[in-house]
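First residue of the sequence shown? That's 34 in this note's numbering, and the numbers climb one at a time after it.
Cβ coordinates follow ideal geometry from the N, Cα and C atoms, glycine included.
Only a predicted model underlies this, so the values are computations on that prediction, with no experimental measurement involved.
What follows is a single structure, written as structure tokens, with notes after it.
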Amino acid sequence: MKQFGVGDIGMGALYLASKLEECALRMRDLINVYDLLLQRATQSLEKNTKIFKYAPMSYFGTAFYDLKDTLVVAEMQILKRLGFNVHVVLPYGTLVNYLRVLGLTSREDACSRAWGYVNDALQTPVYALYQVPTIVSAAIFLTVRHLNIPLPSTPPNCWWELFDASWDDMWSICGYIMRLYRRRSVEDSNRVVGMVTKQEVRRWLEENGRNSATTPDQR
Numbered sequence: 034m035k036q037f038g039v040g041d042i043g044m045g046a047l048y049l050a051s052k053l054e055e056c057a058l059r060m061r062d063l064i065n066v067y068d069l070l071l072q073r074a075t076q077s078l079e080k081n082t083k084i085f086k087y088a089p090m091s092y093f094g095t096a097f098y099d100l101k102d103t104l105v106v107a108e109m110q111i112l113k114r115l116g117f118n119v120h121v122v123l124p125y126g127t128l129v130n131y132l133r134v135l136g137l138t139s140r141e142d143a144c145s146r147a148w149g150y151v152n153d154a155l156q157t158p159v160y161a162l163y164q165v166p167t168i169v170s171a172a173i174f175l176t177v178r179h180l181n182i183p184l185p186s187t188p189p190n191c192w193w194e195l196f197d198a199s200w201d202d203m204w205s206i207c208g209y210i211m212r213l214y215r216r217r218s219v220e221d222s223n224r225v226v227g228m229v230t231k232q233e234v235r236r237w238l239e240e241n242g243r244n245s246a247t248t249p250d251q252r
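Here it is, written out as structure tokens:
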């Protein structure tokens, strides 16, 4: 992500996912949506009260072909990092089994909340750091904690030990997930929007690298 923009990789990931799930998605449609969101995000950074109005790009212009090249490069970079291994172990079957073992399938609120935590965890790096059983256990732990559902949690009778989940790993995963729900400042939101493309990321790295290099001398 230090070499590519958030939006570039996001666009490539969505395009690749559409191929893997056999959900036809035209490249032109994806680029149009990406361009619309990018224009709207750019206007949100400006201090004006004008109503946003999308200005479609020309399919024969430089901007369209640049985005097309960006999409292809992003898709290839993702495949390269994955070693072209696109087999994914989804956590939902494991979640259903664990809820059934713990007798929570009758609680619709618990099932939907745990499902939501498992989904939200996809926005964090936990799926690259921990095994699916541990991630699912963390989602259930957050669920029963927030809904005040009593489960044995005192050693040596801890429910997560049924699934060979480590307390330390589970607690770390909970931290990753709960961090998603913290209130973000306007400055944080603007900083993310300002690093959508690869050029903006490189500009940010150059400016911050220069600032960090001069800070010790200033002190």
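ask   = Between which two residues does the alpha helix (DSSP H) containing T157 stretch?
value = Annotation: T157 is outside any alpha helix (DSSP H) and is labelled neither H nor E by DSSP.
inquiry  = Can you tell me whether C56 is buried or exposed? The criterion is at least 16 other CB atoms within 10 Å of its CB, across all chains shown.
reply    = Exposed.
Counterpart residues of N190 in DSSP-defined beta bridges = For N190, which the question treats as bridged, DSSP gives the partners T187.
ask   = Exposed or buried, which one is D201 when buried takes at least 16 other CB atoms within 10 Å?
value = That one is exposed.
request  = Look at L63 and M44 and say whether their C-beta atoms are less than 8 Å apart.
outcome  = The answer is yes: Cβ separation under 8 Å.
query = Rounded to a whole number of angstroms, what is the C-alpha to C-alpha distance between V39 and I182?
reply = In this structure, the straight-line span from the alpha carbon of V39 to that of I182 is close to 38 Å.
query = In three-state DSSP terms, what is G136?
reply = Reduced to three states, the DSSP call for G136 is coil.
ask   = Can you tell me whether DSSP reads I111 as helix, strand or coil?
value = If DSSP states are grouped into helix, strand and coil, I111 belongs with the helices.
inquiry  = Whether or not the stretch 138-153 and the stretch 111-121 are in contact is what I'm after, with contact meaning three or more pairs of Cβ atoms, one per stretch, closer than 8 Å; do they touch?
reply    = With the cut-off at 8 Å, the stretch 111-121 and the stretch 138-153 do not touch.
ask   = Just to confirm, are M60 and K86 a CB contact at a threshold of 8 Å?
value = With respect to K86, M60 sits apart: the two C-beta atoms are not nearer than 8 Å.
ask   = Alpha carbon to alpha carbon, what distance is there between T167 and F93?
value = So the two alpha carbons sit approximately 49 Å from each other.
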